[in-house]
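Novice: Below you'll find the structure I mean.
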Amino acid sequence: MIKISPSILSADFSCLHQEIRKVEKVADLLHLDVMDGHFVPNITFGPMVVKCLRKKSNLPFEVHLMVDNPEEWIEPFAQAGCDIITVHIETSYHLDRLITSIKEREIKAGVALNPSTPLCELEYILPRLDLVLLMTVNPGFGAQSFLPGVLPKIRDLKEMGKKRGLSFEIEVDGGINHDTVRKVVQAGATILVAGIAVFGAPDPQKAVLKLKEVANTTLKKETAGVNEDSIAKDRS
Ligand code: DX5
Ligand code: ZN
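Residues 14 to 249 (this note's numbering) make up the sequence shown, in order.
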C-alpha cells in the first residue's frame, strides 16, 4: 500500500492542531518541514513546535530536516518525539556518523536528495537507510511545480534497491497532486508527501483519501503488469 504523508507547510500555522485533526484519521504519516534560512531560503519551525504537536496527534512524525549542520539537531528532534528523521545528503560531511546518531536513538533514518544530486552518492549508505526521499521540486517552498526530470531517478532508485535486495521506502516530495500521483507510483514511489494538494483543498481529509485511492489503484495495475501508458500507446 502506498502511504500518504501530508506536509503541514501548506497548513494554516495559526491553528496547526485543528489542521492536523483534519487528516489525523486518514493520513499514514505527518511530514514536518524544518527549514533554517541557510540550506534553503525559507524558515519554518523547530523542535519546540514539534514537541507541542506530538501531544496532539498519534500519527507517526517524520521530520524533513532542511538545515545546515543537521548533526546539532538530531537530539532535540528525538526529544521532541519524532519517528523518522530525514537529513539532506548535501548537508553532511559525515553521513554515516549522522545516520548512526539517528539510529542509536531508535528513530528511523532517511536521506533526502535534491533534484540534481545523483543516486551514486547513496551507494555505500543505502543498506543502512529506512527511507530515501527524492525531492521532486527544489526544496524551500510549498506549492511548486513537479519536476518530471526526477521520474527516471525514482525508477533507477527502485532498481538499485531491487538488485541489492534492499527494502527501503522511496518517498517523493514536491508537486504531488492528483495529476502527478500516477506517474510517481508507476516509477516506484512508496510514500507520497503532499502539502498544497491536501491543506490547500476545501476538504483535506477527502483530498488524502482521493490521493490514496488513485495511488493504490495505480499500484494494483502496476503489480498486475497493466501499465496505463503502454495501453494508451497500444490504442493509438
Ligand atoms: C518543500 C517541502 C515539501 C513541501 C511540498 O521544500 O519539503 O514537503 O511541503 O509541498 P507541495 O506538496 O505543496 O509541493
Ligand atoms: Zn518536505
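Built from N, CA and C at the ideal position, the CB exists for glycine as well.
Is the separation between the beta-carbon of Gly123 and that of Asp143 shorter than 8 Å?
Specialist: Yes, Cβ-Cβ distance for Gly123 and Asp143 is below 8 Å.
Novice: Out of Leu43, Glu117, Asp49, Asn229, state which residue places its alpha-carbon closest to the alpha-carbon of Leu78.
Specialist: Per the Cα distances, Asp49.
Novice: Let me know the secondary structure DSSP gives Glu134 once reduced to three states.
Specialist: Here Glu134 sits in helix by DSSP.
Novice: Measure the alpha-carbon distance for Gly94 versus Val239 and round it to whole angstroms.
Specialist: Answer to the nearest angstrom: the Cα atoms are 41 Å apart.
Novice: State the CB to CB distance for the pair Ile204 and Glu182, rounded to an integer number of angstroms; the pair is presumed to be in contact (CB under 8 Å).
Specialist: 5 Å between Cβ atoms; contact.
Novice: How big is the Cα-Cα spacing for Asp270 and Asp81?
Specialist: Within the shown structure, residues of the chain are numbered from 14 to 249, placing residue 270 beyond reach of any answer.
Novice: Determine the direct distance from the alpha carbon of Glu75 to that of Leu66, and round the result to whole angstroms.
Specialist: Straight-line Cα distance between these residues: approximately 12 Å.
Novice: Quickly, what does DSSP pair Phe74 with across the bridge? List them, please.
Specialist: In the DSSP output, where bridge partners are listed per residue, Phe74 has Leu43.
Novice: Closer than 7 Å to a non-hydrogen atom of ligand 3 - does that hold for the CB of Phe74?
Specialist: Inclusion of ligand 3 in the displayed structure is not the case, the ligand content consisting of ligand 1 and ligand 2 alone.
Novice: Are Glu184 and Val206 closer than 8 Å when you measure CB to CB?
Specialist: Yes; because the gap between Cβ atoms is below 8 Å, this pair is in contact.
Novice: Pick out whichever of Val197, Glu235, Thr236 has its Cα sitting closest to the Cα of Leu224.
Specialist: Of the listed residues, the one whose Cα sits closest to Leu224 is Val197.
Novice: What's the gap between the Cα of Asp247 and the Cα of Ser158?
Specialist: Because Asp247 sits at a pLDDT of 43, beneath the cut-off of 50, its placement in the model cannot be relied upon, and the following sentence gives the value as read from the coordinates. Approximately 29 Å, taken between the alpha carbons.
Novice: Using the Cβ count rule (16 or more neighbours within 10 Å means buried), how would you classify Thr236?
Specialist: Burial call: exposed.
Novice: Can you tell me whether DSSP reads Pro217 as helix, strand or coil?
Specialist: Here Pro217 sits in helix by DSSP.
Novice: Thr99 lies in the beta strand (DSSP E); which residues open and close that run?
Specialist: Counting along the chain, the beta strand (DSSP E) containing Thr99 begins and ends at 97-101.
Novice: Give a single yes or no on whether Asp186 has its beta carbon closer than 7 Å to a heavy atom of ligand 2.
Specialist: Yes, Cβ of Asp186 sits closer than 7 Å to a heavy atom of ligand 2.
Novice: With a threshold of 8 Å, are at least 3 pairs of Cβ atoms found where one atom belongs to the stretch 97-111 and the other to the stretch 134-152?
Specialist: At 8 Å Cβ cutoff, the stretches touch.
Novice: Does Ile21 come out as helix, strand or coil in the three-state DSSP assignment?
Specialist: In this structure, Ile21 counts as helix in the three-state DSSP scheme.
Novice: Answer yes or no: the CB of Asp81 versus the heavy atoms of ligand 1, is any distance below 7 Å?
Specialist: Answer for Asp81: no, Cβ out of range of ligand 1.
Novice: Around the Cβ of His30, are there at least 16 other Cβ atoms within 10 angstroms (buried) or fewer (exposed)?
Specialist: Exposed, since its Cβ has fewer than 16 Cβ neighbours within 10 Å.
Novice: So is Asp25 buried or exposed if we call it buried at 16+ other beta carbons inside 10 Å?
Specialist: Counting Cβ neighbours within 10 Å, Asp25 comes out exposed, since fewer than 16 surround it.
Novice: In the DSSP assignment, the alpha helix (DSSP H) including Asp109 goes from what residue to what residue?
Specialist: Asp109 -> alpha helix (DSSP H) spans 108-116.
Novice: Can you tell me whether Ala122 is helix, strand or coil according to DSSP?
Specialist: Correct three-state label for Ala122: strand.
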